Amino acid sequence: MEEITLKRATLEDIDKILEVEKSVIGTKIYSGLAGRDDTTKEITDNFFYLIEKDGKVVGDIAYEMKDDGQAYISGLAVDKKFQRQGIARKAMQMLLEQLKDIKLIGLVTHPENEPAINLYKSFGFKQIGEPMENYFGDGEPRIKMLLQK
Numbered sequence: 016m017e018e019i020t021l022k023r024a025t026l027e028d029i030d031k032i033l034e035v036e037k038s039v040i041g042t043k044i045y046s047g048l049a050g051r052d053d054t055t056k057e058i059t060d061n062f063f064y065l066i067e068k069d070g071k072v073v074g075d076i077a078y079e080m081k082d083d084g085q086a087y088i089s090g091l092a093v094d095k096k097f098q099r100q101g102i103a104r105k106a107m108q109m110l111l112e113q114l115k116d117i118k119l120i121g122l123v124t125h126p127e128n129e130p131a132i133n134l135y136k137s138f139g140f141k142q143i144g145e146p147m148e149n150y151f152g153d154g155e156p157r158i159k160m161l162l163q164k
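With the numbering used here, the residue at position 31 of the sequence shown is 46, and numbering never jumps.
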């Protein structure tokens, strides 16, 4: 398998990130980064990584640390042209390895995003509660998932 690496994103990477996000943002099940301001805030406030395959940016993954010591995975996107190649799985493995000492890791996803839900469940995430309507203000529901170690 080709080499998948995570590289900490910088403000110089905004155009590459927006290219990935635009490839998946059209689907109702993904609420991505829409512009430079959103992306700048994500890179500045969170741990934001480019997912690279053979040196080419094919996705991004990010998390933030909450005040209570819990981690929140705030984004995972793989360019449409590179989906279904195990890239998201490998990126999640690498991120969870970084977070191995964190006892609680949360995330939200669309209830119809079966590939993502199955991926998260395979790492031990469990759905918490019922879907939350209009979670990001985009008219779409989200489910909360939690990994407890």
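We treat Cβ as the ideally placed atom computed from N, Cα and C, and that holds for glycine.
It should be emphasised that the depicted structure is a prediction, and the values quoted were computed from it without experimental measurement.
In the displayed model, ARG104 falls within a helix according to three-state DSSP. When DSSP states are grouped into helix, strand and coil, TYR135 belongs to the helix group. Per the C-alpha coordinates, the member of GLY90, ASP83, GLU57, ASN61 positioned closest to VAL39 is GLY90.
Taking a C-beta distance under 8 Å as the contact criterion, VAL35 and ASP94 qualify as a contact pair.
Of the residues ILE76, THR54, ASP28, the one whose Cα lies closest to the Cα of MET109 is ILE76. According to DSSP, ASP75 shares a beta bridge with LEU65, ALA92. Sequence-distant partners of ILE158 (beyond 5 residues in either direction) whose C-beta falls short of 7 Å from its own C-beta, in its chain, are VAL123, THR124, PRO126, GLN142, PRO146. By the beta-carbon neighbour count (other beta carbons within 10 angstroms, threshold 16), LEU26 is exposed. Taking the C-beta atoms as reference points, TYR78 is found no nearer than 8 Å to ARG23. The C-alpha of ASP153 is placed about 25 Å away from the C-alpha of LYS136.
The beta carbon of TYR150 is closer than 7 Å to those of VAL123, PRO156, ARG157 in its chain, skipping five residues each way along the sequence.
A direct Cα-Cα distance of roughly 24 Å separates ILE19 from ASP60.
Using a 10 angstroms sphere on the CB of LYS68, the tally of other CB atoms reaches 16 or more, which defines it as buried.
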